[in-house]
DNA sequence: GCCAACGTTGGC
DNA sequence: GCCAACGTTGGC
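In the working numbering, the protein residues as written are 51 to 190.
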């Protein structure tokens, strides 16, 4: 039973373009220093899908990613407390779905992105995932 | 650049 | 264990 997620990143720090450049090998999702976000990553399974969201500059869902390595110690952390998964880019969102659209859509009003925008790694429900894919023109 | 919301820290 | 103070995030 696959789950769905949302990964948030400031494009100035780590952008979708950079993520895509890593190709199939993917990249560690480092830098998370929040227990809720870490626990979400611990719960991820190989092949779980997620959104790649640009915060601050953009504020839109720009890509689809997939978990390609289970949670392990974050190599940028100096303590074992912090873990991360590896993710790889799977597809572009042809028509990026903006935060404004998400907020305006009654079907998406319960999204964590709307209600707790500060959480950097969030769970997304299956219906939310499919709805945003549809809005964004992603073929599933 | 401002500020609200949230999480963490530390004094008691 | 409570809560005030502080730091960070991210929308606006």
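Ideal placement from N, C-alpha and C gives every residue a C-beta, glycine not left out.
Simplified DSSP state of residue i, which is helix, strand or coil
| i | result |
| --- | --- |
| residue 1 | The displayed coordinates of the chain run from 51 to 190. Any statement about residue 1 would go beyond what the structure contains. |
| residue 172 | strand |
Where the alpha helix (DSSP H) containing residue i begins and where it ends
| i | result |
| --- | --- |
| residue 151 | 149 to 154 |
| residue 70 | 66 to 71 |
Residue i, enclosing beta strand (DSSP E) - first and last residue
| i | result |
| --- | --- |
| residue 115 | 110 to 123 |
| residue 55 | 54 to 59 |
| residue 157 | First-last for residue 157: undefined, no H or E at that position. |
Candidates the options: closest to residue i by CA position
| i | options | result |
| --- | --- | --- |
| residue 186 | 172, 162, 149 | 149 |
| residue 96 | 128, 87, 116, 78 | 116 |
| residue 78 | 68, 182, 86 | 68 |
| residue 134 | 143, 189, 89 | 89 |
| residue 132 | 64, 112, 121, 104 | 121 |
Near the ligand MG: residue i beta-carbon under 7 Å from a heavy atom
| i | result |
| --- | --- |
| residue 157 | Within the structure as shown, the ligand MG is missing, as the structure has no ligands at all. |
Residues near residue i by beta carbon distance below 8 Å, same chain, minus five either side
| i | result |
| --- | --- |
| residue 180 | 190 |
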